[in-house]
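Chains A and B supply the protein sequences, listed in that same order.
Going by the numbering used here, the first residue of the first sequence is number 211, and it counts up by one from there.
Going by the numbering used here, the first residue of the second sequence is number 2, and it counts up by one from there.
Where is the CB? At the ideal position from N, CA and C, for every residue including glycine.
These numbers were taken from a predicted model, which means no experiment stands behind them.
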Amino acid sequence: AQSVAQPEDQVNVAEGNPLTVKCTYSVSGNPYLFWYVQYPNRGLQFLLKYITGDNLVKGSYGFEAEFNKSQTSFHLKKPSALVSDSALYFCAVRDKGYSSASKIIFGSGTRLSIRP
Amino acid sequence: KAGVTQTPRYLIKTRGQQVTLSCSPISGHRSVSWYQQTPGQGLQFLFEYFSETQRNKGNFPGRFSGRQFSNSRSEMNVSTLELGDSALYLCASSLDGGSTDTQYFGPGTRLTVL
């Protein structure tokens, strides 16, 4: 069965510093990986996804994520954090196909707090 | 292009009542998924509809049901509400629900059960 883990409930970073939000996954085949962000009282906004190809994926708002197959990780990164990046971040995984098992599974979320 | 819309945005109900939530997907999207978000359980998948058929279902009791109309709009219904059903209910649409498809979320319906 597929699963995804976000080992940190909260990440605190000073504005201007690089940030990393960690995600590890487990699937039986090739994974499809997603990052979403949620601001207070809002739905989830899509940031980026990895399907195949280049291990470094670039997304919205200056975020990028690195797919590492050997470590089964898909960490979200940004070179220079902004206070406005403070939000709840979700990693998600889906395996191949349209079968009943091919649901999207979300991690528990990581709250990112950027201090001025 | 308009995003995913959900109505109502807020609902207050009492135990035992039933509730219907509505979701209008992005134009051209045929897959609609529903999720329940709570502080304790996080984001949990309820079900997915494609072309008016339920294609995937999560581990929720039969009190939770849904349907999709020919215009891809979807509704979910919760009968005999329990206190534990208080949550943010999120709807997401995608083109065809394939594994590589990106889901786009609505703002959610905040349901409070008293």
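Residue i and residue j closer than 9 Å at C-beta
i        : j        : result
A:TYR271 : A:LEU257 : yes
B:LEU47  : B:GLY63  : no
B:GLN45  : B:CYS24  : no
B:LEU12  : B:ARG111 : yes
A:THR230 : A:VAL221 : yes
B:GLN104 : A:PHE244 : yes
Residue i, DSSP secondary structure in three states
i        : result
A:TYR271 : helix
B:GLY85  : helix
A:SER294 : helix
A:HIS285 : strand
A:ALA211 : coil
A:GLU225 : coil
Residue of the options minimising C-alpha distance to residue i
i        : options                                : result
B:GLU49  : B:GLN19, B:PHE70, B:GLN42, B:ALA88     : B:PHE70
B:VAL114 : B:TYR90, B:PHE46, B:THR101, B:TYR105   : B:TYR90
A:TYR249 : A:ARG325, A:GLY319, A:PRO326           : A:GLY319
A:PRO241 : A:SER283, A:SER323, A:ARG321, A:THR230 : A:SER283
B:SER4   : B:SER94, B:LEU112, B:ASP102            : Contrary to the premise, residue 4 of chain B reads as Gly rather than Ser in this sequence. Taking only the C-alpha atoms, the option nearest B:GLY4 is B:SER94.
A:VAL293 : A:ILE315, A:VAL267, A:ARG325           : A:ARG325
A:GLY226 : A:ASN278, A:SER296, A:GLU218           : A:SER296
A:ARG321 : A:ILE315, A:SER213, A:CYS301           : A:CYS301
Contact list for residue i against chain B, beta-carbon separation under 8 Å
i        : result
A:TYR242 : SER100, THR101
A:PHE284 : Within 8 Å Cβ-Cβ: nothing; A:PHE284 doesn't reach chain B, min ~15 Å.
Exposure of residue i, with buried meaning 16 or more beta-carbon neighbours within 10 Å
i        : result
B:ARG16  : exposed
B:ARG10  : exposed
A:ASP219 : exposed
Where residue i meets chain B, residues with beta-carbon distance less than 7 Å
i        : result
A:SER318 : GLY43
A:ARG304 : SER100
Chain-ordered neighbours of residue i on chain A, where CB pairs are closer than 7 Å
i        : result
B:GLU104 : In the sequence under discussion, the amino acid at residue 104 of chain B is Gln, which differs from the Glu named in the question. Result: ILE314.
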